[in-house]
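Enquirer:
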Amino acid sequence: MLIQNEQNENRDKIIIRTSIIGIAANVLLAGFKAAVGILAHSIAVTMDAVNNLSDAGSSLITIIGTKLAGKQPDKKHPWGYGRIEYLSAMLIAVIVLYAGVTSLSESVKKIISPELPDYSAVSLVIVSAGVLVKILLGQFVKKTGEKVNSDALVNSGTDALMDSIISASTLAAAVIYLLFHVSLEAWLGAVISAVIIKSGIEMLKDTLSEILGERISPETAKAVRKCILSFPEISGVYDMIFHDYGPDRINCSAHIEILDTMTADRIDQLQRDITMKLFQEQNIILTALSVYAVNTRDSHVKEIRNQIYKTVLNLEHVIQVHGFYLNEAEKRMQFDVIVDFDAEDRTAVYQQVMQNVSSLYPEYQLLCTLDTDFSVSE
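Given below as structure tokens:
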């Protein structure tokens, strides 16, 4: 856990340092563009300056969110405060959305009551420099965000790259006005506003999805499964459930399939070894490891198991069967079945499984659990 704390501290420092650079760059750009927009009577440039200020505010929120998310776990929140980063990313999305709606309102007013711009060579140079700065800043912030797994930084970087396109459009409108005396300022401001609104909605949608809880990536699920299966005593890994408590703060539980002859002390040591290896390789904390026993005492069990698996997997929407165990003395067989979410009625599929298996082996008591496809990795 000490290693994880050190990693989190380094990550937080990178996020804060990157955000400070973003704030400084955006405040400078906003000041220059605001001056150009006011002097040139350009609504597009002025809205671009307002957007730069919102970007600076987003970076400030990222810093505050990162600081709060780095608080140590306590009695009230034993899993820490990492999810605050998702809330800060959501707040940034709301700010971007608000900026877009506000600029759209101003642009519509200018369309109704147009005001001709008055550009100078200095203003065009400043806008051109702003385009270059935004491209460099956006690439830097986004790549850093992807590297440290920070949605807030990725959102800010993506917004900055989009701003560079918007600024370039503003510059193009200025050139068109100087060459052809056709003012596209207000209309361009409306287009810019629409792009900002679209970006804000997409950011908000993605962040809300993470807060609700998304399925873990297939790559992560496969890596965790591979790590656990690297222990020769384990013949299968199932029911992997992941809990996200913030970026790089993932907990996991799973079922493992082992021989029914394994002793409790060996199972205990195996669980400890898996926990350590999984954290070292994937930075994931194993919170629980349950056991499915594999029959070794009855020679005919394998044949029964294969027959049941074949029968059940032939049913539409059944994507996995696992955890089979047969107790011959008590005439009881048990297993879990996973039915795809695409099934119109998962319960009906489950009942069909029960019916088909019961007809094959009526002499056995059947205990079948309808399982959930949390993270099937094969």
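Counting in our numbering, the sequence shown runs from 121 upward without gaps.
The beta-carbon is built from N, C-alpha and C at its ideal position, and this holds for glycine as well.
Can you tell me whether DSSP reads T182 as helix, strand or coil?
Expert: Locating residue 182 in the sequence shown gives position 62, counting from the first residue. Note: T182 maps to helix in three-state DSSP.
Enquirer: In three-state terms, what does DSSP make of L446?
Expert: By 1-based counting over the sequence shown, the position of residue 446 is 326. If DSSP states are grouped into helix, strand and coil, L446 belongs with the strands.
Enquirer: Counting along the chain, where does the alpha helix (DSSP H) carrying L390 start and finish?
Expert: If you number the sequence shown from 1, residue 390 lands on position 270. Taken as a continuous stretch (DSSP letters only), the alpha helix (DSSP H) holding L390 covers A384 to Q402.
Enquirer: Return helix, strand or coil for L416, following the three-state DSSP convention.
Expert: One-based indexing of the sequence shown puts residue 416 at position 296. With the sequence shown as reference, residue 416 is identified as Thr, and Leu is not the correct amino acid for it. It is coil, neither helix nor strand.
Enquirer: Taking the Cβ atom as the reference point for each residue, do G320 and A463 lie within a distance shorter than 8 Å?
Expert: For this step, residue 320 is matched to residue 200 along the sequence shown. For this step, residue 463 is matched to residue 343 along the sequence shown. Cβ distance not < 8 Å, so G320 and A463 don't count as in contact.
Enquirer: What is the DSSP secondary structure of N371, reduced to helix, strand or coil?
Expert: Counted from its first residue, the sequence shown places residue 371 at position 251. N371 falls in the strand class under three-state DSSP.
Enquirer: Pick from A209, K195, A384 and T467: whose alpha carbon is nearest that of G177?
Expert: The sequence position of residue 177 within the sequence shown is 57, counting from 1. Looking at the Cα atoms, A209 is the closest of the given residues.
Enquirer: So which of T407, K346 and T166 has the shortest CA-CA distance to W199?
Expert: By 1-based counting over the sequence shown, the position of residue 199 is 79. Measuring from the Cα of W199, the nearest candidate turns out to be T407.
Enquirer: A189 and N172 look like a contact to me (Cβ under 8 Å); what is the Cβ gap, rounded to whole Å?
Expert: In the sequence shown, counting from the first residue as 1, residue 189 sits at position 69. In the sequence shown, counting from the first residue as 1, residue 172 sits at position 52. 26 Å between Cβ atoms; not a contact.
Enquirer: Is DSSP giving G177 helix, strand or coil here?
Expert: For the purposes of this step, residue 177 is taken as residue 57 along the sequence shown, with counting starting at 1. Note: G177 maps to helix in three-state DSSP.
Enquirer: Taking N269 as the reference, give the member of S373, G202, S225 and L257 with the closest Cα.
Expert: Counting from 1 along the sequence shown, the entry for residue 269 is found at position 149. The shortest C-alpha separation from N269 is found at G202.
Enquirer: Please report how far the alpha carbon of S117 lies from the alpha carbon of G185, in whole angstroms.
Expert: For residue 117 there is no data in the structure shown, the boundaries of the chain being 121 and 498.
Enquirer: What's the gap between the Cα of S174 and the Cα of I204?
Expert: Locating residue 174 in the sequence shown gives position 54, where the first residue counts as 1. Locating residue 204 in the sequence shown gives position 84, where the first residue counts as 1. Answer to the nearest angstrom: the Cα atoms are 20 Å apart.
Enquirer: Report buried or exposed for E339, applying the criterion of at least 16 other Cβ atoms within 10 angstroms of its Cβ.
Expert: Counting from 1 along the sequence shown, the entry for residue 339 is found at position 219. Exposed.
Enquirer: Quick one: what does DSSP say K362 is sitting in, helix, strand or coil?
Expert: The sequence position of residue 362 within the sequence shown is 242, counting from 1. Per the sequence shown, residue 362 should be read as Phe rather than Lys. Strand, per DSSP.
Enquirer: Can you give me the start and stop residues for the alpha helix (DSSP H) that I204 sits inside?
Expert: Sequence index remark: in the sequence shown, residue 204 carries index 84 (1-based). Its alpha helix (DSSP H) spans residues I204 to I232.
Enquirer: Would you mind sorting Q485 into buried or exposed? The rule is 16 or more other CB atoms within 10 Å of its CB.
Expert: Your numbering for residue 485 matches position 365 in the sequence shown. Classification for Q485: exposed.
Enquirer: Less than 8 Å separating the beta-carbons of I348 and I354?
Expert: Translated into the one-based positions of the sequence shown, residue 348 becomes position 228. Translated into the one-based positions of the sequence shown, residue 354 becomes position 234. Against a cut-off of 8 Å, the Cβ pair of I354 and I348 comes out as a contact.
Enquirer: Bridge partners of A408, per DSSP?
Expert: The residue you call residue 408 lines up with position 288 of the sequence shown. Paired residue(s): S373.
Enquirer: Leaving aside the five residues before and after I246 along the sequence, list all residues of the same chain whose C-beta is less than 6 Å from its C-beta, in chain order.
Expert: The count along the sequence shown starts at 1 and reaches residue 246 at position 126. Contacts found: F152 and V156.
Enquirer: In this structure, does DSSP put I439 in helix, strand or coil?
Expert: Translated into the one-based positions of the sequence shown, residue 439 becomes position 319. DSSP places I439 in strand when its eight states are reduced to three.
Enquirer: Please report the residue range of the alpha helix (DSSP H) in which R345 lies.
Expert: On the sequence shown, position 225 is the one that residue 345 refers to. That run of the alpha helix (DSSP H) goes P338 to L349.
Enquirer: Go through its chain and collect everything with a Cβ distance to T166's Cβ below 7 Å, but skip five positions before and after it.
Expert: Taking the first residue of the sequence shown as position 1, residue 166 is located at position 46. If we look at T166 and ignore the five residues flanking it on each side, its Cβ neighbours are A154, G157 and I158.
Enquirer: Taking the alpha carbon of F260 as the reference point, which residue from A314, L299 and L281 has its own alpha carbon closest?
Expert: Residue mapping note: residue 260 aligns to position 140 of the sequence shown, counting from 1. Cα-wise, what sits closest to F260 is L281.
Enquirer: Going by alpha carbons, who is nearest to G366 out of K191, L180 and R386?
Expert: Counted from its first residue, the sequence shown places residue 366 at position 246. Comparing Cα-Cα distances from G366 to each of K191, L180 and R386, the minimum goes to K191.
Enquirer: With distances taken Cα to Cα, identify the nearest neighbour of I440 among T489, K451, L480 and N447.
Expert: Counting from 1 along the sequence shown, the entry for residue 440 is found at position 320. What sits at residue 440 in the sequence shown is Gln, not Ile. For Q440, the nearest C-alpha among the options comes from T489.
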